[in-house]
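Residues in the sequence shown are numbered consecutively from 1, following the numbering used here.
Just so you know, even glycine gets a beta-carbon here, dropped at the ideal spot from N, CA and C.
Working notes, structure below.
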Amino acid sequence: MGRTLVPLVVESEDLRLSGALAAADDPRLGHDAGVVAGMVPLGITLTSEAGRALEGADVAIEFALPAATVGNVRLCAGRGLPIVIGTTGHDAAARREIERAAGTIPVVMAPNMSLGVNLLLRLAELAGRALDERYDAEIVEAHHRLKVDAPSGTALGLGAAVARGRGVDHDEAAVYARHGATGARKPGTIGYAVIRAGDIVGDHRVIFAGPGECIELAHHAQDRSGFARGALAAARWVVGRPPGLYSMMDVLGI
């Protein structure tokens, strides 16, 4: 994601790249961030030292492996630096650390930074509220063959939005797999279907199939720039906010 973020930061009129962080085993360490992103040199080298990467920054944006988030958040909290977290797959302990840091600094965290996906999340909740159990809810998602988790964080967020709209417990309503003689569908369940193939960036559909009609809400990512633009919108928004754990819904004001 960094290679997508860097050109957008450079092209913007109100943002400046102050540092670039990479994993300790990244072979591009020491290389210029602009060159890595396919641009002219920017005079900023990739480093694995988070403290160095954050020097002079007003806000941090993180897209990383889940194991890196806690250390990054603690460092930002120690410096009073807002952070936007686009990383997914955190365990309960990591989420507690993020919540603890949000008592000190403003944190924006979302499973998907795309502005369109976050609008879809709100629409899914509204549809869940309006359409009762006569409308079977299904979440269908597709991603590239290298994605390691399923369902995606965004798909789970959509299912949770439907459950929230219906006032039910998502974990009790969710059905993640069907195979063999499953019997008739249980009313009120929220089903998931997952596709992993090729280089699909990310497709999500929310289906409400009811008596005589079917309603579909969908988002199709053409490339990764939508996620990066959303993260930059969150970075602009979070600077100057009071400490707290915010979502993209807060950023969008919906």
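Ignore the nearest five residues each way along the sequence and tell me which others in residue i's own chain have a CB closer than 8 Å to its CB.
| i | result |
| --- | --- |
| Ala50 | Leu21, Gly71, Asn72 and Leu75 |
| Ile299 | Residue coverage of the chain in this structure runs from 1 to 254, which leaves residue 299 outside it and unanswerable. |
| Ala197 | Ala142, His144 and Arg145 |
| Ile254 | Asn118, Leu119 and Arg122 |
| Glu165 | Residue identity check: residue 165 is Gly in the sequence provided, not Glu. Excluding residues within five positions, the ones whose Cβ falls inside 8 Å are Ala124, Glu125, Leu126, Ala127, Gly128, Arg129 and Ala130. |
| Gln222 | Val201 |
Taking C-alpha atoms, which residue in the options lies nearest to residue i?
| i | options | result |
| --- | --- | --- |
| Asp177 | Glu13, Gly167, Thr189 and His219 | Looking at the sequence provided, one finds Ala at residue 177 rather than Asp. Comparing Cα positions, the closest option is Thr189. |
| Gly116 | Ala235, Thr88, Asp91 and Thr154 | Thr154 |
| Ala161 | Ser225, Leu131, Ala68 and Val238 | Leu131 |
| Val206 | Ala127, Arg166, Ala150 and Ser247 | Ala127 |
| Leu158 | Arg100, Thr182, His219 and Ala228 | His219 |
| Val238 | Gly191, Leu54, Ala102 and His31 | Ala102 |
| Thr282 | Ala228, Ala67 and Ala235 | Limits of the chain in this structure are 1 at one end and 254 at the other, which puts residue 282 out of reach. |
| His170 | Leu156, His179 and Thr182 | Leu156 |
| Ile139 | Val107, Ile215, Ala67 and Val10 | Ile215 |
| Gly56 | Leu15, Arg185, Phe208 and His179 | Leu15 |
| Ser48 | His31, Met113 and Gly180 | His31 |
| Ala258 | Ile85, Glu213 and Asp26 | Residue 258 lies beyond the range of the chain shown here (1 to 254); nothing can be said about it. |
| Arg241 | Lys147, Asp58 and Val168 | Asp58 |
| Ala235 | Ala181, Asp223, Ile195 and Leu252 | Leu252 |
| Asp250 | Val194, Val108 and Ile195 | Val108 |
| Val148 | Pro66, His179 and Gly183 | Pro66 |
| Ala193 | Arg224, Ser152 and Gly180 | Ser152 |
Would you call the CB atoms of residue i and residue j closer than 7 Å?
| i | j | result |
| --- | --- | --- |
| Ile61 | Ala231 | yes |
| Leu217 | Leu120 | yes |
| Thr87 | Thr69 | yes |
| Met248 | Ala110 | yes |
| Ala150 | Ala163 | no |
| Leu245 | Glu13 | no |
| Ser114 | Gly226 | yes |
| Gly33 | Val10 | Residue identity differs from the one stated: residue 33 is Ala in this sequence, not Gly. No, the pair does not count as a contact, with Cβ atoms beyond the cut-off. |
Give me the DSSP bridge partner(s) of residue i.
| i | result |
| --- | --- |
| Glu141 | Val194 and His204 |
| Gly244 | Pro106 |
| Cys214 | Ala209 |
| Ile83 | Ala60 and Val107 |
| Asp136 | Ala209 |
| Ala92 | Partner(s): none; Ala92 has no beta bridge. |
| Leu21 | Thr47 |
| Asp32 | Thr45 |
| Ala174 | Ile190 |
| His219 | His204 |
Suppose the cutoff is 6 Å on Cβ atoms and the five residues either side in sequence are ignored; what does the same chain contact list for residue i look like?
| i | result |
| --- | --- |
| Gly210 | Arg134 and Tyr135 |
| Ala64 | Thr87 |
| Val175 | Thr189 and Gly191 |
| Pro187 | Glu133 |
| Ile85 | Glu62 and Met109 |
| Arg224 | Thr4 |
| Ile195 | Ala142 |
Taking 8 Å as the threshold, find out whether the stretch 37 to 50 comes into contact with the stretch 77 to 90 through three or more Cβ pairs.
No, the stretch 37 to 50 is not in contact with the stretch 77 to 90.
Stretch pair the stretch 87 to 95 + the stretch 198 to 208: three plus CB contacts closer than 8 Å
No, the stretch 87 to 95 does not touch the stretch 198 to 208.
Any chance the stretch 40 to 47 sits against the stretch 5 to 21, with 3 or more Cβ pairs inside 8 Å?
As far as the Cβ criterion goes, the stretch 40 to 47 touches the stretch 5 to 21, which means the pair count is three or higher.
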